[in-house]
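Read the structure below first, then the notes.
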Amino acid sequence: MCGACGRTVIADPVLGSTRATRDLLLVAHVVNAVTAGLPGAPVVRVAGDRWLVAGSTGRTSACDTVRDLWRAMVDHYGRGAACSLADRLARSLPGASPLADGVLREGMAAANDTRSGAIIS
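Those letters in the sequence shown? Residues 124 to 244, by our numbering.
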């Protein structure tokens, strides 16, 4: 907790401890751009100081870090789509900015964790 607002600050390797709305919106834009056109693509939206991943079935996941966001995306798609998502992410690297690059690299890590059978929690 930083003390200013009384809420716990969740460290994110991509964003650090700051949560500017602009950065959250940019992260959502990068993720939505990479996943656009995939069948049943969930949509990422900003809600306060976190993201919401809304699936086509109405299932919603709240995510506090970029890694959590990508894990939720993989979970919404299913484990079988991790290869397709990893391929899209690889084609998108390097990112257009340091923030975009960090978002894409976290996505690659999450997809590779799923492909290698790592437990997602």
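All C-beta atoms in this analysis are idealised placements derived from N, C-alpha and C, irrespective of residue type, glycine included.
Cβ shell of S184 (< 6 Å), same chain only, five flanking positions each side left out: Once the five neighbours on either side are set aside, the close Cβ partners of S184 are V176, A195.
Whole-angstrom distance between A134 and N155, CA atom to CA atom: Rounded to whole angstroms, the separation of the alpha carbons of A134 and N155 is 23 Å.
Beta-carbon spacing of P136, R173 below 9 Å: In this structure, P136 sits away from R173, with a CB-CB distance that is not shorter than 9 Å.
DSSP three-state label for L216, please. In the structure shown, L216 falls within a coil segment according to DSSP collapsed to helix, strand and coil.
Thinking C-alpha only, which one of G160, R168, A164, A159 is nearest T144? T144 has its Cα closest to that of R168, out of G160, R168, A164, A159.
Could you give the distance in angstroms between the alpha-carbon of G139 and the alpha-carbon of L147? Distance between the alpha carbons of G139 and L147: 12 Å.
For A209, which residues from the same chain have a beta carbon less than 7 Å from its beta carbon, with the 5 sequence-adjacent residues on both sides left out? If the five residues before and after A209 are omitted, its C-beta is found closer than 7 Å to the C-beta atoms of M231, A234, N235, R238, all from its own chain and listed in chain order.
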